[in-house]
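Asker: One structure follows; several queries about it will come next.
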Amino acid sequence: MRRVIWGIVLLLLVGCGTESVQPTTNSAGAAAATATAPATAAPTAAPTVAAPAPGGAPEVVATLETSGGIAGISQRLVVWSDGKLELASASNLAAPIRLGQASPEQIQELQTAINRPEFKALNGNYLPENTCCDFFTYVLSAGGTTITTMDGIAWPEPLETVLKLLFDLQSGVTADTK
1437 MRRVIWGIVL LLLVGCGTES VQPTTNSAGA AAATATAPAT AAPTAAPTVA
1487 APAPGGAPEV VATLETSGGI AGISQRLVVW SDGKLELASA SNLAAPIRLG
1537 QASPEQIQEL QTAINRPEFK ALNGNYLPEN TCCDFFTYVL SAGGTTITTM
1587 DGIAWPEPLE TVLKLLFDLQ SGVTADTK
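Residue numbering for the sequence shown follows this note's numbering, beginning at 1437 and increasing consecutively.
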């Protein structure tokens, strides 16, 4: 019985260590843990930040894909330039299942944060040394940049600002459209 338990523990530990972590320094000289994305994670194409053309169709401002956690969730939040919010779950990623509406001020605040030079200078990955366990993984696509990060690491301020804005928008999506 002990061998079976140790075998399971070993498999879990091996499964958690599939990423290559490389320390880097950010523009302030502080060390940050970075890694290449795991081979199984294939982020979607990065939408670009754009204001809607006068009288034109709205465009994607940002996409935030969240996966993991103890419940193994997988969802995608899409923020449009007209304030429309779409939140889809893994059961039906092709069609939004919940919709919401952001104010023009919220969209402007998000676009301003995304267009900051400090945000555009971020590298593609901000991952903790230990990527195991029940951390959430986030893939943020905005402003022509795709960033992969997880819980368990102190995010650089520009990334933290954008993520917090997106988390706030996501918490406001409540209308069920099933």
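For glycine and all other residues, C-beta sits at the position ideal for the given N, C-alpha and C.
Fair warning: this is a prediction, and the values are worked out from it, not measured in the lab.
Per DSSP, I1509 forms a beta bridge with which residues?
Answerer: DSSP lists G1504 as partners of I1509.
Asker: Which value, in whole angstroms, describes the spacing of the CA atoms of P1594 and A1549?
Answerer: Cα-Cα distance, rounded: 7 Å.
Asker: Bridge partners for T1584 per DSSP, in chain order?
Answerer: In the DSSP output, where bridge partners are listed per residue, T1584 has N1561, V1575.
Asker: Please identify the residue among S1510, N1566, A1493, T1502 whose C-alpha is closest to the C-alpha of L1576.
Answerer: Residue T1502 is the option with its Cα nearest to L1576.
Asker: The alpha helix (DSSP H) that contains S1607, what's its start and end?
Answerer: Where S1607 is concerned, the enclosing alpha helix (DSSP H) stretches over 1593 to 1607.
Asker: Please classify T1610: is it buried, with 16 or more other beta-carbons within 10 angstroms of its beta-carbon, or exposed?
Answerer: With fewer than 16 other Cβ atoms within 10 Å, it is exposed.
Asker: Three or more C-beta pairs under 8 Å: does that hold for the stretch 1546 to 1564 against the stretch 1586 to 1600?
Answerer: The answer is yes - the stretch 1586 to 1600 touches the stretch 1546 to 1564, with three or more Cβ pairs under 8 Å.
Asker: What residue range is occupied by the uninterrupted alpha helix (DSSP H) comprising E1545?
Answerer: Looking at the DSSP string, the run of the alpha helix (DSSP H) that includes E1545 is 1540 to 1551.
Asker: Mind checking Q1544: buried by the 16 CB within 10 Å criterion, or exposed?
Answerer: Classification for Q1544: exposed.
Asker: I'd like the list of long-range same chain contacts for Q1511, defined as Cβ closer than 8 Å, with 5 residues on each side in sequence excluded.
Answerer: Same-chain partners within the cutoff: E1501, T1502, S1503, L1523, A1524, S1525, A1526.
Asker: Do you know offhand how far T1581's Cα is from F1572's?
Answerer: Each residue's alpha carbon lies about 20 Å from the other.
Asker: Closest to L1602 by C-alpha separation, out of C1569, I1589, C1568, G1519, would be which residue?
Answerer: Checked all of C1569, I1589, C1568, G1519; the closest Cα to L1602 is G1519.
Asker: Using the beta-carbon count (16 or more within 10 Å), is A1590 buried or exposed?
Answerer: By the neighbour-count rule (16 or more Cβ atoms within 10 Å), A1590 is not buried but exposed.
Asker: Does the Cβ of N1561 have 16 or more other Cβ atoms within 10 Å, making it buried, or fewer, making it exposed?
Answerer: Buried is the call here.
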